[in-house]
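Just so you know, the sequences run in chain order Z and F.
The numbering of the first sequence is the working numbering, which starts it at 1 and goes up by one.
The numbering of the second sequence is the working numbering, which starts it at 425 and goes up by one.
From the three backbone atoms N, C-alpha and C, an ideal C-beta is built for every residue, glycine too.
Since we're looking at a predicted model, the values are computed, not measured.
Report on the following structure.
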Amino acid sequence: MAGATTMTIERPFDITAIRADFPIFDRKIRDGKRLVYLDSGATSQKPNVVIDAESNFYRLHNAAAHRGAHQLAEEATEGIESARRIVADFLGGKEDEIVFTKSSTEALNLLAYSIGSAPAGNKFHLNPGDEIVVSEMEHHANLIPWQQLAGRTGAQLSWFEVTPDGRLDLSNINSVITENTKVVALTHQSNVLGTINPLKAIVARAHEVGAVVVLDACQSAPHMPIDVKELDVDFLVFSGHKALGPTGVGVLWSSVLDDLPPFLYGGSMIETVTMTTATWAPAPRKFEAGVPNMAQAVGLGAALDYLANIGMSNVHDHEVSLTQYLIEKLQQVPELKIVGPTSIDARGGTVSFTVGDIHPHDLGQYVDSQGVAVRTGHHCAWPLTKIMNVPATTRASFYLYNDENDIDALVEALLGAQKYFGKF
Amino acid sequence: MELDSLYQEVILDHYKHPQHKGLLSEYSAQVHHVNTSCGDEITLNLTIADGVISAISWDGQGCSISQASVSILGDLLTGKTFSQAEEVVNAFSELMASKGTAAGDPEILEDAVAFAGVSKFPGRVKCALLGWMAFKDAAIQSQGESK
């Protein structure tokens, strides 16, 4: 039944059964070692249902959606549009509020460029002196598009600072978000610190001054229940590949797309065209020029269905308990310093740290030799690592398929690294 | 362990006791290079006297591979002419591109043959090359000025 919310019966949270859904865990790594994948903040692994959905699209239904008068075109259209329904249900939004992009980075750039091209009189139009607010803990993808938009329009970029324990400093909220603020672009959960930001006060203040709120949910939507109505934000983006889906698909949700000018022009985003003029199709089509990434959208639909079956609260609870276990264990490692909150309160399953003077790249290399995959570096949040006063960090990030064995393996590898690099 | 081919003792030794670190105030060219994927940074000062590299000094932060590599580079290239240095730089670049198939010529590369194992780890080749690319850049700049 089109448009209806499907009743989901959650399956019990059985970590062994979940791991069995992910074929990559069958392979061995670095000379026969068990794969300990702690880099889901960068990209998640994929369950069989996603791999099958994407390849079955190509195998059985491939045609250009929204065009063509044949059966395959109908099936391709139904494929992407049913994925759109699944995404809408996953976020608590409506189908016509979902735009498929190629990535969340593209979604954020779409917003920055569309806002930047809004003509005078359009509610999104920016004048010199208007303000765009971000925070010091943004991923480059939610910083640079706004920084550059400010440069192009003469708007001013301002930002929330980060406290030494890795929380957003809201003490000066009324002087950061002012009567001139037009856009507040903020991460829901830091990809470095794991901090989950308190949105209520920020959204209330933004709306009080007539600004729109753009939420980067890349690190939150895959890991916790999201309800866009409850969050009360105006735009939300997340990426498919961090949510068990394929690469090459991102999501932009918004309930205020009607007045926003298009970003990319071309086929299927139009209503009428002459040699000198064009008018636009209603959203979301206005923002989906060209033949869409159908197979990837279908794969993402399968991923979000899979997550809904397990239950996002269950996913979140599992990751919170793993995070608590990891933080306890890490605090027993000599010379280890957690970069970010050590309290489990308002915190997701991403933990960054440094270990004495072992450079993160060397540390990452050693733990990799033990089969443990972590991320090292500045995590595309260079200003933040500078503020936290570290050149780089090592980051462990979880997903539903991780268990306490993974954490034990990481901690053992960290101790091994200390021994290895200490011997010289 | 495979890792031992990466972390040769000479590399860790240079990392713990870096040579030529600390920027000299007199230089013919100064460059600043970063490894954009991990944030490693090196500032390198190149000093030329009578067509010979009279000093290489540097400062920076980064992993053992990037820091040891520039330290060894300083040892190797100081006192050489540009054409002698070019031979070493080319030999080192070739070694790094060898994907673990070459051992490096110790006649040319001396201690830098210790980096042969790095070429087996694609993620670390950029670390090893950071200082060398900085040197190349500085050499071009200083030669441009002298012409």
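With distances taken from CA atoms, which of the options is nearest residue i?
i	options	result
F:Thr460	Z:Glu412, Z:Ala381, Z:Phe100 and Z:Asn405	Z:Ala381
Z:Ile173	Z:Ile196, Z:Ala409, Z:Gly166 and Z:Val184	Z:Val184
Z:Asp368	Z:Val315, Z:Arg34, Z:Val162 and Z:Arg84	Z:Arg34
F:Glu426	Z:Tyr366, Z:Asp21, Z:Thr153 and Z:Glu131	Z:Tyr366
F:Gly541	F:Ile532, F:Gly486 and F:Thr525	F:Thr525
F:Ala479	F:Lys550, F:His457, F:Thr505 and F:Ala527	F:Thr505
Z:Ile358	Z:Lys419, Z:Arg347, Z:Met312 and Z:Gly348	Z:Lys419
F:Leu430	F:Ile564, F:Lys523, F:Asp561 and F:Lys560	F:Lys523
Z:Asp26	Z:Ser40, Z:Gln45 and Z:Asp39	Z:Gln45
Z:Met224	Z:Ile80, Z:Gly92 and Z:Arg285	Z:Gly92
Z:Ile327	Z:Gly348, Z:Ile310 and Z:Leu307	Z:Gly348
F:Gly463	F:Gly486, F:Ser493 and F:Gly475	F:Gly486
Z:Pro164	Z:Leu60, Z:Gln331, Z:His378 and Z:Val339	Z:Val339
Z:Ala373	Z:Pro23, Z:Asp14 and Z:Arg30	Z:Arg30
Z:Leu410	Z:Phe353, Z:Lys386 and Z:His379	Z:Phe353
For residue i versus residue j, is the C-beta distance shorter than 8 Å?
i	j	result
F:Ser490	F:Leu554	yes
Z:Val237	Z:Val251	yes
F:Pro442	F:Ser495	yes
Z:Ala88	Z:Ala76	no
Z:Val203	Z:Asp232	yes
F:Ala515	F:Gln432	no
F:Asp483	F:Thr467	yes
Z:Phe124	Z:Asp259	yes
Z:Ala83	Z:Pro198	no
Z:Asp317	Z:Val36	no
Out of curiosity, what's the CA-to-CA distance linking residue i and residue j?
i	j	result
F:Leu501	F:Asp437	19 Å
Z:Thr323	Z:Leu149	37 Å
Z:Asn425	Z:Pro12	No information on residue 425 of chain Z is available, as it lies outside the stretch 1 to 424 that chain Z covers here.
Z:Val390	Z:Gly371	26 Å
Z:Pro341	Z:His70	55 Å
Z:Ser343	Z:Ala206	28 Å
Z:Ala221	Z:Pro360	28 Å
Z:Glu319	Z:Val351	11 Å
Z:Asp216	Z:Leu111	12 Å
Z:Leu384	F:Asn469	29 Å
F:Phe591	F:Glu534	Absent from the structure is residue 591 of chain F, since the part of chain F shown begins at 425 and ends at 571.
Z:Phe57	Z:Lys94	24 Å
Z:Asp227	F:Val458	41 Å
F:Gln565	F:Glu518	23 Å
Z:Ser313	Z:Glu10	10 Å
F:Asp561	Z:Met294	45 Å
Z:Ser103	Z:Arg59	24 Å
F:Met557	F:Ile477	16 Å
F:His444	Z:Val213	51 Å
How is residue i classed by DSSP in three states: helix, strand or coil?
i	result
Z:Arg11	coil
Z:Val176	helix
Z:Tyr306	helix
Z:Asn62	coil
F:Asp483	strand
Z:Gly250	strand
Z:Ala217	coil
Z:Asn389	coil
F:Arg548	helix
Z:Ala155	coil
Z:Val49	helix
Z:Ala20	helix
Within 8 Å (strictly less), CB to CB, does residue i reach chain B?
i	result
Z:His361	As a matter of chain content, chain B is missing from the structure shown, whose protein chains are Z and F.
Assuming residue i and residue j make a contact with CB atoms under 8 Å, what is their CB distance in whole Å?
i	j	result
Z:Asp305	Z:Ile86	6 Å
Z:Thr105	Z:Ala141	4 Å
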